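*Asks:* The structure is given below, and queries will be raised subsequently.
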Amino acid sequence: MVNNLILTYINWNINSDIFVIPIIEHPIRWYGLFWLLGIVLCYKILDSLFKKEGRPTEFLDQLTIYIVLGTIIGARLGHVLFYDPSYYLDHPLKIMAIWEGGLASHGGGIGILTAIYLFAKKQQLPFLWVADRVALVVPIAGACIRLGNLMNSEMIGTASSLPWAFVFTRIDTIPRHPAQLYEALFCLLLFVLLYRLWKEKELQRNNGNYFALLLVLLFSFRFLDEFLKINQEHFEDSLFINMGQLLSIPFIIIGAGLFIFNRFQERIPKLK
C-alpha cells in the first residue's frame, strides 16, 4: 500500500551531496552550488545594469561583497535569535558553525538592508537608490536558495493529495506540498515582473518603488506559503501563526508604507 502511494506522487530522494572531494573528503552540496549560482546570476544582471548607468566594475564588486557578507551573517544570526536562542546561549561557539545548517531568510533580509545602508553611506548614495537596484535581483537569489532547500529535502510542506505532491523519502512517506518549489517559481515570476517594470521605467519617478514592491509581494507570498509548510521548531506549534509569518509582517508593512508614501508624493504636484 505504501509503495503504491509513493509511486502515485513525485518520489523525491535526491542526495544533498553532489560529490566528495578526494583526499580531503569534503562534500560539495547542491545547496552551496545553488547559493553560488544565485550570486553569479545576480552579479551578471547588476553588471549589465550598472554598465548602462556608467558605474565602474569596482562599484559592483564592493556592493557584492557587502551583500554576500550581510546575507550570510544576517541569515545566521536570524536563525540563532528567532528560532533557537536558548540553544545558542548554552552553546555560543556554535553560533558561527554555519556548515551545520541553520539560516533564516528574514535575518538574511535584515542583513541585506544593513549592507545596503553601509554601502550607500560609504559611496554617498541614497539608500533607496541602491535598494531599488538590489531589489531587482533578490528574487533570483531567493529562487536559487529555495531550490537548494528542495535538494536538501528541508522546509518541507504539509500533507497533500495533489498530483504534484512530493514524497520526501529521506524524511517519511507522506505526500507533501513542494512549498520550496512554490516559492522558487514565485520568485522567478517576481523577477520577470520587476525587470519588466524597470525596463519600461514604470516606477522610476521616486527612489524606493521597486524595493517597496519587492517587500510587499515577496513577503506576502512568504506569509501565505507558510500555511503549506510544517513548522520548523516545536515552539511554533503554540503560536497562532508561525515565526516565518510573524517576521514577514514588518517587511510587508514597511514596503506598503513606502509605496503609498511615494505614490502620495507623486500626486502632490497635481493637487497644487
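Counted the way this note's numbering counts, the sequence shown spans residues 1260 to 1531. No residue lacks a Cβ here, since even glycine has one placed at the ideal position from N, Cα and C. Source: prediction; values computed, not measured.
Can you tell me which of the three DSSP states residue 1288 falls into?
*Replies:* strand
*Asks:* Which same chain residues end up closer than 6 Å to residue 1456 when comparing Cβ atoms and leaving out the 5 residues on each side of it in sequence?
*Replies:* Hits under 6 Å: 1462.
*Asks:* Under 8 Å: do the region 1350-1357 and the region 1386-1404 share three or more Cβ pairs, one atom per stretch?
*Replies:* Too few Cβ pairs lie closer than 8 Å, so no.
*Asks:* Given a threshold of 16 other Cβ atoms within 10 Å of its Cβ, counted over all protein chains shown, does residue 1342 qualify as buried or as exposed?
*Replies:* buried
*Asks:* Enumerate in chain order the residues of its own chain whose CB-to-CB distance from residue 1402 is below 6 Å, with the five nearest sequence positions on each side excluded.
*Replies:* 1443, 1446 and 1447
*Asks:* Could you name the residues of the same chain whose beta carbon sits closer than 8 Å to that of residue 1523, not counting the 5 residues immediately before and after it, in chain order?
*Replies:* none
*Asks:* DSSP three-state call for residue 1499: helix, strand or coil?
*Replies:* coil
*Asks:* Just the Cα atoms here: how many angstroms apart are residue 1491 and residue 1378?
*Replies:* Going from the Cα of residue 1491 to the Cα of residue 1378 covers about 33 Å.
*Asks:* Considering only residues of the same chain and omitting the five flanking positions on each side of residue 1363, which have a CB-CB separation below 7 Å?
*Replies:* Excluding its 5 nearest sequence neighbours in each direction, residue 1363 has C-beta neighbours in its own chain below 7 Å: 1334, 1337, 1338, 1341 and 1342, listed in chain order.
*Asks:* For residue 1288, collect the residues of the same chain with a Cβ closer than 7 Å to its Cβ; drop the 5 residues on either side in sequence, then sort them by chain order.
*Replies:* 1275, 1276 and 1277
*Asks:* Give the list of continuous alpha helix (DSSP H) stretches no shorter than 4 residues that lie fully inside the region 1335-1395.
*Replies:* DSSP runs (the alpha helix (DSSP H)) wholly in the region 1335-1395: 1344-1349 and 1364-1382.
*Asks:* What is the C-beta distance between residue 1297 and residue 1404, in whole angstroms, given that I count them as a contact (C-beta under 8 Å)?
*Replies:* 6 Å
*Asks:* If you follow the alpha helix (DSSP H) that residue 1431 is part of, which residue opens it and which one closes it?
*Replies:* First-last for residue 1431: undefined, no H or E at that position.
*Asks:* Going by alpha carbons, who is nearest to residue 1385 out of 1467, 1517, 1435 and 1399?
*Replies:* 1467
*Asks:* Would DSSP call residue 1313 helix, strand or coil?
*Replies:* coil
*Asks:* Taking residue 1332 as the reference, which of 1365, 1311, 1318 and 1302 has the closest Cα?
*Replies:* 1365
*Asks:* Give me the Cα-Cα distance between residue 1451 and residue 1458, rounded to the nearest whole angstrom.
*Replies:* 11 Å
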